[in-house]
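Following: one structure in structure tokens, then a few remarks.
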Amino acid sequence: MIKKEFFLKGYKSILKPDSPAIALACCFVAIGALLKNVGFNIQESVLSTLLIYALPGSLVMAESILIGASLISIFFAVWFVNARLYPMAVSLFPLMMDDSQPKWKYYLSCHFIAVSAWLIMKSNYETIEKKDRVDFWIGIGSATLSVSVLATILGFYLADYLNKDMLMGLAILNPIYFTCMMVGAMKTLQITLSVTLGAILGPIFYFFSPEWSIILGGVVGGSIAYLLGEKNVN
Amino acid sequence: MSISVLLSIIVTSLATYLSRFLGVLSSLRIKESSKIFRWFNCLAYATLAALIARTIIFPVGALTDASYLSRLIVVLLSLGIFFITKKNFVYPTIFSAISIGIVNNFF
Numbered sequence: 058m059i060k061k062e063f064f065l066k067g068y069k070s071i072l073k074p075d076s077p078a079i080a081l082a083c084c085f086v087a088i089g090a091l092l093k094n095v096g097f098n099i100q101e102s103v104l105s106t107l108l109i110y111a112l113p114g115s116l117v118m119a120e121s122i123l124i125g126a127s128l129i130s131i132f133f134a135v136w137f138v139n140a141r142l143y144p145m146a147v148s149l150f151p152l153m154m155d156d157s158q159p160k161w162k163y164y165l166s167c168h169f170i171a172v173s174a175w176l177i178m179k180s181n182y183e184t185i186e187k188k189d190r191v192d193f194w195i196g197i198g199s200a201t202l203s204v205s206v207l208a209t210i211l212g213f214y215l216a217d218y219l220n221k222d223m224l225m226g227l228a229i230l231n232p233i234y235f236t237c238m239m240v241g242a243m244k245t246l247q248i249t250l251s252v253t254l255g256a257i258l259g260p261i262f263y264f265f266s267p268e269w270s271i272i273l274g275g276v277v278g279g280s281i282a283y284l285l286g287e288k289n290v291n
Numbered sequence: 427m428s429i430s431v432l433l434s435i436i437v438t439s440l441a442t443y444l445s446r447f448l449g450v451l452s453s454l455r456i457k458e459s460s461k462i463f464r465w466f467n468c469l470a471y472a473t474l475a476a477l478i479a480r481t482i483i484f485p486v487g488a489l490t491d492a493s494y495l496s497r498l499i500v501v502l503l504s505l506g507i508f509f510i511t512k513k514n515f516v517y518p519t520i521f522s523a524i525s526i527g528i529v530n531n532f533f
């Protein structure tokens, strides 16, 4: 089963001074308030954070419900906007694959993949032995998910008290936090180029296709960064 | 719980889980020392950077109320604070939340 020692070590990573807890909580407060305004009740709001746990996906769902989109169009819109989770999984899970661990841990814990948990794992995995990394990861994911759920509840009940400036503050906080984290992660040529090119190409592609801009920006920017980085090393 | 909201939540969570699950299935055959792993690492960082840049430049929701210039100023100031405070994540984050409303009144 899950080793308690590593689970707790992961869970406690949310308490560190540079932890994403504040940024994560603030954006789920905003989501809680948004869901209430869309017409969700408290159970539905909690269930959606618990099951979806990916911000852009929740935003798309809320928008789709407002315009009365069909379930099939919701499925494809969300799949599209959350497609980034695929490369995120592929660039994280090989780090924790170990034959001594049962597969179900990987199949279930992939639900925790989200920017915050992913970045914490990326900057800490080397301190943990490979066979114990998945337990550590489950700890991180449980912590970030519980913060998100609590913040959703808070946001739901605060919805009527939040004014425009406060909502704006909650909305900018998250991209600023992640911008800083990405800049902080720029330690190798490949990652520096990936972050820079992605940030430039994503918005440029938006002019051609808003739906495809993130995927295209990521694939084109990331591939150029990879090739330039490999060439430089060789 | 109304059926349509519940169904929307289930459909959204399935669509989200799908990418995560396919990622794990692919990971079973990818070694962390392989080239394809390094490539996907670049793809992940670039995709996240594209997503964050898009959220700031072409926002949806509450951020649309802030002007383009005020968003740009807050991002640059926050990055400045990030470097001045020796890469502390918390100060620039809190600064941005407080300052966006104020900056937006001027620009």
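Protein chains in written order, with our numbering: chain A, 58 to 291; chain B, 427 to 533.
All C-beta atoms, glycine included, are put in the ideal place defined by N, C-alpha and C.
- By the rule that beta-carbons nearer than 8 angstroms mark a contact, lysine 221/A touches chain B.
- Linking leucine 112/A to phenylalanine 85/A through their CA atoms gives a straight-line distance of about 8 angstroms.
- Taking a beta-carbon distance threshold of 8 angstroms, leucine 498/B does not count as an interface residue toward chain A.
- Within the model, the alpha-carbon separation for serine 251/A versus alanine 90/A is close to 34 angstroms.
- Under the three-state reduction of DSSP, proline 267/A is assigned to coil, being neither helix nor strand.
- Cβ atoms of methionine 118/A and isoleucine 478/B stay farther apart than 8 angstroms, at about 20 angstroms.
- For phenylalanine 463/B, the neighbours in chain A by C-beta distance under 9 angstroms run, in chain order, Val147, Ser148, Pro151, Leu152.
- The beta carbon of proline 144/A sits closer than 6 angstroms to no other beta carbon from its chain once the five residues preceding and following it are set aside.
- Contacts between proline 159/A and chain B, judged by CB atoms closer than 9 angstroms, are missing: the closest CB pair is about 13 angstroms apart.
- Each of Lys69/A, Thr106/A, Ser70/A was checked against the Cα of alanine 87/A, and the nearest Cα belongs to Thr106/A.
- Looking at Leu104/A, Ser115/A, Gly241/A, Ile99/A, the one whose alpha-carbon comes closest to that of leucine 215/A is Ile99/A.
- For leucine 152/A, no alpha helix (DSSP H) segment is defined, and its DSSP state is neither H nor E.
- One alpha carbon belongs to tyrosine 471/B, the other to alanine 80/A, and they sit about 19 angstroms apart.
- Arginine 190/A does not reach chain B, its nearest Cβ partner there being about 11 angstroms away, counting only Cβ pairs nearer than 8 angstroms.
- Residue-level contact check: phenylalanine 265/A does not touch chain B, since none of the beta carbons of chain B fall below 8 angstroms from its beta carbon.
- Counting only runs that start and end inside the segment 59-101 of chain A, the alpha helix (DSSP H) elements of at least 4 residues fall at 61-69, 78-95.
- Counting C-beta pairs with one atom in each stretch, the segment 435-447 of chain B and the segment 512-526 of chain B have fewer than three that are closer than 8 angstroms, which means they do not touch.
- When 9 angstroms is used as the limit between beta carbons, phenylalanine 213/A is near no residue of chain B, the shortest such separation being about 14 angstroms.
- Leucine 176/A sits buried, since 16 or more C-beta atoms from the chains shown fall within 10 Å of its C-beta.
- Interface flag for alanine 174/A against chain B is unset, since no Cβ pair is found closer than 8 angstroms.
- When the beta-carbon positions are compared, serine 460/B and alanine 140/A stay at least 8 angstroms from each other.
- The beta carbon of isoleucine 435/B falls within 8 angstroms of a beta carbon belonging to chain A, placing the residue at that interface.
- In terms of beta-carbon proximity, serine 205/A stays away from the interface with chain B, with every pair separated by 8 angstroms or more.
- If you look at isoleucine 483/B, you'll find it in the alpha helix (DSSP H) that goes 461-483.
- Three or more beta-carbon pairs separated by less than 8 angstroms link the segment 195-202 of chain A to the segment 61-70 of chain A, which places the two stretches in contact.
- Here isoleucine 456/B carries a coil assignment [DSSP, helix/strand/coil].
- Residues of chain B whose Cβ lies closer than 9 angstroms to the Cβ of isoleucine 124/A do not exist, since the nearest Cβ in that chain is about 12 angstroms away.
- With a beta-carbon spacing of about 6 angstroms, glycine 275/A and glycine 255/A fall inside the 8 angstroms limit used to define contacts.
- Around the beta carbon of leucine 230/A, 16 or more other beta carbons lie within 10 angstroms, which makes this residue buried.
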